[in-house]
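One structure below.
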Amino acid sequence: MPSPLHAAGLLLLTGPAISADGSTLDATGSVIQMLLGLGLVIGLLYATLHILRRIGGGNTQAGAMLKILGAAAVGPRERVVLVEVADRILVLGVAPGRVNTLHTLDAGDIPRDPDGGRSLSGGKDFQTWLKQTLERRSR
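Numbering (the working numbering), first residue to last: -19 to 119.
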């Protein structure tokens, strides 16, 4: 035989209850209303996140000063990235949760293409250029 407390809980979940002022409370309707409100809030958060991703969500002025010249994977989640900032070129080691400056170069250390862009060792890919540069510096 169920306890009186258990029976009251079942009655609250399955049927209408009577409040202190005599009106009926519909628990099912309240739960549905709560879930719809929660769904609306989650939908608004998702839509806001989507909009922020589409417009960039960042400082565009800083993005104009920063230019990624190339990257090479050195492990499953580690990369070496070549970044140009003003008149300096940074060689960065990027790992999950960490970015370290490996080396700093002058902008003149990398020759320019005829169209005005940076050339990585005469059109070679970044990985080959990085390997040659590191070998040259270790001598």
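For each residue, glycine too, the CB sits at the ideal point set by N, CA and C.
Would DSSP call Ala75 helix, strand or coil? For the purposes of this step, residue 75 is taken as the residue at position 95 of the sequence shown. It is a strand residue.
Per DSSP, which one or two residues make a beta bridge with Ala52? Locating residue 52 in the sequence shown gives position 72, counting from the first residue. Beta-bridge pairing by DSSP links Ala52 to Val60.
Have a look at Arg78 and Ile48 and give me their C-alpha separation to the nearest angstrom. What you label residue 78 is simply residue 98 of the sequence shown in a count that begins at 1. What you label residue 48 is simply residue 68 of the sequence shown in a count that begins at 1. C-alpha separation (whole angstroms): 17 Å.
In this structure, does DSSP put Leu(-8) in helix, strand or coil? Here residue -8 refers to the residue found at position 12 of the sequence shown. Note that Leu(-8) scores 49 on pLDDT, short of 50, meaning its location in the model is unreliable and no value can be drawn from it.
Would you call Leu18 buried or exposed, if buried means 16 or more other Cβ atoms sit within 10 Å of its Cβ? Locating residue 18 in the sequence shown gives position 38, where the first residue counts as 1. Counting Cβ neighbours within 10 Å, Leu18 comes out exposed, since fewer than 16 surround it.
Could you tell me the distance, in whole angstroms, from the CA atom of His83 to the CA atom of Pro56? What you label residue 83 is simply residue 103 of the sequence shown in a count that begins at 1. What you label residue 56 is simply residue 76 of the sequence shown in a count that begins at 1. Distance from the CA atom of His83 to the CA atom of Pro56, rounded to whole angstroms, is 22 Å.
Where does Val60 land, buried or exposed, given buried means 16+ other C-beta within 10 angstroms? The sequence position of residue 60 within the sequence shown is 80, counting from 1. Val60 should be labelled buried.
Nearer than 7 Å: is that true of the beta carbon of Leu20 relative to any heavy atom of the ligand NAD? With respect to the ligand NAD, the structure offers nothing, as it holds no ligand at all.
Could you have a look at Gly89 and say whether DSSP puts it in helix, strand or coil? Taking the sequence shown and counting its residues from 1, one reaches residue 89 at position 109. A small correction: the amino acid at residue 89 is Asp; Gly does not occupy that position in the sequence shown. Here Asp89 carries a helix assignment [DSSP, helix/strand/coil].
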